[in-house]
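Residue 3 is where the first sequence starts when you use my numbering, and the numbers rise one by one after that.
C-beta: ideal position from N, C-alpha, C; glycine also.
Shown next, in structure tokens, is the structure this report addresses.
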Amino acid sequence: MTVRVRMAPSPTGSPHVGLVRTALFNWAFARHHGGTFVFRIEDTDKERSTDESYRAIIDLMRWLGLDWDEGPEVGGPHAPYFQSERGELYADALQRLRESRFAYDCYCTTDEVAARRMESGSKVMGYDGFCRELTEDQVEAFLAEGRQPVVRFRMPEGSITWRDLVRGEVTFETEFVPDYALCRANGDPLYTLVNPVDDALMEITHVLRGEDLLSSTPRQLALYEALKELGIAKVTPEFGHLPYVMGEGNKKLSKRDPEAHALAYRDQGYLPEGLLNYLALLGWSIAADRDVFTLEEMVEAFDVTDVVPNPARFDLKKADAINAAHMRLLSTDEITHRVLPFLKADGVVGDPVSDADARLLELAMPLVAERINKLTEASAMLGFLFVDEASFALDPADAEKLLDERGTEIVRAALAAVEGLATWSTAAIQEALQSALIDGLGLKPRVAFGPVRVAVTGKRVSPPLFESMELLGRERSLGRLRAALG
RNA sequence: GCCCCCGUUGUGUAGCGGCCUAGCACGCCUGCCUCUCACGCAGGUAGCGCCGGUUCGAAUCCGGUCGGGGGUACCA
3 MTVRVRMAPS
13 PTGSPHVGLV
23 RTALFNWAFA
33 RHHGGTFVFR
43 IEDTDKERST
53 DESYRAIIDL
63 MRWLGLDWDE
73 GPEVGGPHAP
83 YFQSERGELY
93 ADALQRLRES
103 RFAYDCYCTT
113 DEVAARRMES
123 GSKVMGYDGF
133 CRELTEDQVE
143 AFLAEGRQPV
153 VRFRMPEGSI
163 TWRDLVRGEV
173 TFETEFVPDY
183 ALCRANGDPL
193 YTLVNPVDDA
203 LMEITHVLRG
213 EDLLSSTPRQ
223 LALYEALKEL
233 GIAKVTPEFG
243 HLPYVMGEGN
253 KKLSKRDPEA
263 HALAYRDQGY
273 LPEGLLNYLA
283 LLGWSIAADR
293 DVFTLEEMVE
303 AFDVTDVVPN
313 PARFDLKKAD
323 AINAAHMRLL
333 STDEITHRVL
343 PFLKADGVVG
353 DPVSDADARL
363 LELAMPLVAE
373 RINKLTEASA
383 MLGFLFVDEA
393 SFALDPADAE
403 KLLDERGTEI
413 VRAALAAVEG
423 LATWSTAAIQ
433 EALQSALIDG
443 LGLKPRVAFG
453 PVRVAVTGKR
463 VSPPLFESME
473 LLGRERSLGR
483 LRAALG
């Protein structure tokens, strides 16, 4: 049997990292088994669904590189992949369920149900099955009152057990899972109907989703039995409930937490492979002594049954570290390629990049690529090379700290040492500066080069000084040293 | 309340009855390297929620207990 999995987000709000992790596990599972990854949009809630959110989810998936075989923008044999366009399918399934006695019309109001529960003293919340066996007279009476029924699924007697892919055997006694509504009184289908029906129609074989859906699984399993009997479903999928991604404390990471927003990682200069690697670590590990791996390696090794069932706290520091490890895995050329959009956005280089800037960038990136941990860090480190002299400015705090009286003297000495250099090269600059400041003035290297660095690059933190000066060129370097003297 | 899930250092995990005086990573602390930063290197810190049981032997199996989480909707 071919593996078919899906991810089915609701396009409401900004996509969450939990969604990414779920998508990743589904995707990796599909790829590992050579199966199909289906992408379906659950936009039945017209009030909350937005096109903006839908766009964000698509952009996110594209950025992450999690490609789907069926779904929006690519189509597929089970189109449409938007629930908002599948109304007839749900109406049909609902009708067949009603006719089959797997479901029944229910005329009760919530108040009536609550009142009855109060009276009976039942510990079980939810519907009590009052309308299960209504007579025609009763139905007519309700109708005469102008009541609009919802349709409820009739839960079978006994217990429901399944082998959860991540949790092992799970059992619910159906006496604790009440008959549930499949649609609203106005006929609008609910998630309880729509989600399993789509999974059935799309022939999903494995449902990997968040553990918040764990307790709705017995209901869906029962529905599946009905759907199979009605010829709507072919097989019942296997279920695997992934642990939560938690935030601080013991709460689920919520949209209110800044680190919950998936797209923010792209904007903050994370690598998609870094984010994905980190998220995979939340519940899964590739080996006992390793936690940095590529997507390909994950696909090769991934098995849902290795996912642990306990919820994981999201740790930004570790996410940063994993991302940094992936940065170090990339070649300088690759980093240059990825950093370019940020350099353009920050105005460090123009768009398109001029030939001169492109050449400078090629020379400078080797110095920068190895010292940044996020793509966004390149701009600050490279800015001094690309600004025109009129716009060049020293960082006020750094200048105050290092270009004091003593610092200015050091810069003066540096200028003198370097002014008459025959060749403007890293080696020559280094030799001149070392002999003048270290040997000549008897300074410690860090003391000697600090002020010079601020004068030339504008900051205390920069690429290596001598290389930077060579790249900057003689005239601009000397100009900046002179400018620092006031 | 009731049902279900979860429980290894601060965090994520490895562990599937002896290899565990519990491994790895992040974090944190010390050093080293070094023109700043970043990297790299060496070392340190800290854990099996608790109680019983099974067993020659338990982080690993069983029971209970406590704690946390989720569900209990004409939300998804």
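- Closest option to valine 355, judged by alpha-carbon separation, among Pro368, His339 and Val370: His339.
- C-alpha of aspartate 317 to C-alpha of alanine 326: approximately 14 angstroms in a straight line.
- Cβ-Cβ distances below 7 angstroms link alanine 434 to Ala419, Val420 and Leu423 in the same chain, with the five nearest sequence neighbours on each side left out; the list follows chain order.
- According to the DSSP secondary-structure assignment, tryptophan 164 is paired through a beta bridge with Val172.
- In the DSSP assignment, no residue is bridged to aspartate 348.
- A direct Cα-Cα distance of roughly 9 angstroms separates alanine 105 from leucine 184.
- Taken through DSSP and simplified to helix, strand or coil, threonine 428 comes out as helix.
- Secondary structure note for arginine 448: its alpha helix (DSSP H) is the uninterrupted segment 447-459.
- In the displayed model, aspartate 357 falls within a helix according to three-state DSSP.
- Under the criterion of beta carbons closer than 8 angstroms, valine 5 and valine 40 do not qualify as touching, at roughly 11 angstroms.
- In this structure, the CA atom of leucine 480 is about 56 angstroms from the CA atom of threonine 52.
- The C-alpha of leucine 281 is placed about 14 angstroms away from the C-alpha of leucine 265.
- Rounded to the nearest angstrom, the Cβ distance from valine 456 to leucine 396 is 6 angstroms, consistent with a contact under 8 angstroms.
- Inclusion of leucine 474 and valine 458 in the CB contact set at 8 angstroms is warranted, their separation being smaller than that value.
- Per DSSP, reduced to three states, the secondary structure at lysine 319 is helical.
- The region 219-231 makes contact with the region 154-163: 3 or more CB pairs, one atom from each, lie closer than 8 angstroms.
- Its chain contains His243 and Pro311 as the residues whose beta carbon lies nearer than 7 angstroms to that of arginine 169, once the 5 sequence neighbours on both sides are disregarded; these appear in chain order.
- Residue range 19-34 is occupied by the alpha helix (DSSP H) that includes glycine 20.
- Under the DSSP definition of a beta bridge, tyrosine 106 partners with Arg154.
- About 20 angstroms separates the beta carbon of arginine 119 from that of aspartate 107, a gap too long to meet the 8 angstroms contact definition.
- Of the residues assessed, arginine 42 falls on the buried side of the cut-off, its CB having 16 or more other CB atoms within 10 angstroms.
- As for any alpha helix (DSSP H) of minimum length 4 sitting wholly inside the region 358-400, the runs are 379-388, ordered along the chain.
- Looking at the backbone, the Cα of alanine 116 and that of phenylalanine 178 are separated by about 16 angstroms.
- Inter-residue distance for methionine 127 and glutamate 175 is about 14 angstroms (C-alpha atoms, whole angstroms).
- Remark: C-beta atoms of threonine 207 and valine 237 approach each other more closely than 8 angstroms.
- Judged by beta-carbon spacing, glutamine 432 lies within the 8 angstroms limit of phenylalanine 468, meaning their Cβ atoms are closer than that value.
- Ranking Leu369, Ala438, Ser124 and Ala392 by CA distance to the CA of proline 466 puts Leu369 first.
- An exposed status is given to asparagine 252, since fewer than 16 other beta-carbon atoms sit within 10 Å of its beta-carbon.
- Where arginine 64 is concerned, the enclosing alpha helix (DSSP H) starts and stops at 53-66.
- If the five residues before and after valine 306 are omitted, its C-beta is found closer than 8 angstroms to the C-beta atoms of Phe27, Phe31, Leu167, Val168, His208, Leu210 and Gly242, all from its own chain and listed in chain order.
- Taking serine 124 as the centre and dropping the five residues before and after it, the same chain places the C-beta of Asp130 closer than 8 angstroms to its C-beta, in chain order.
- Under the 8 angstroms Cβ criterion, the region 268-275 counts as touching the region 365-383, having at least three qualifying pairs.
- Apart from the 5 residues on each side of it in sequence, serine 102 sits with its Cβ closer than 8 angstroms to the Cβ of Ala228, Glu231 and Leu232 in its chain, given in chain order.
- If you compare the alpha carbons of Val341, Cys110, Ile162 and Gly160 with that of glycine 148, the shortest gap goes to Cys110.
- Burial is judged here by how many other beta carbons sit within 10 angstroms of a residue's own beta carbon; serine 55 has at least 16 and is buried.
- With fewer than 16 other Cβ atoms from the protein chains shown falling within 10 Å of its own Cβ, serine 161 counts as exposed.
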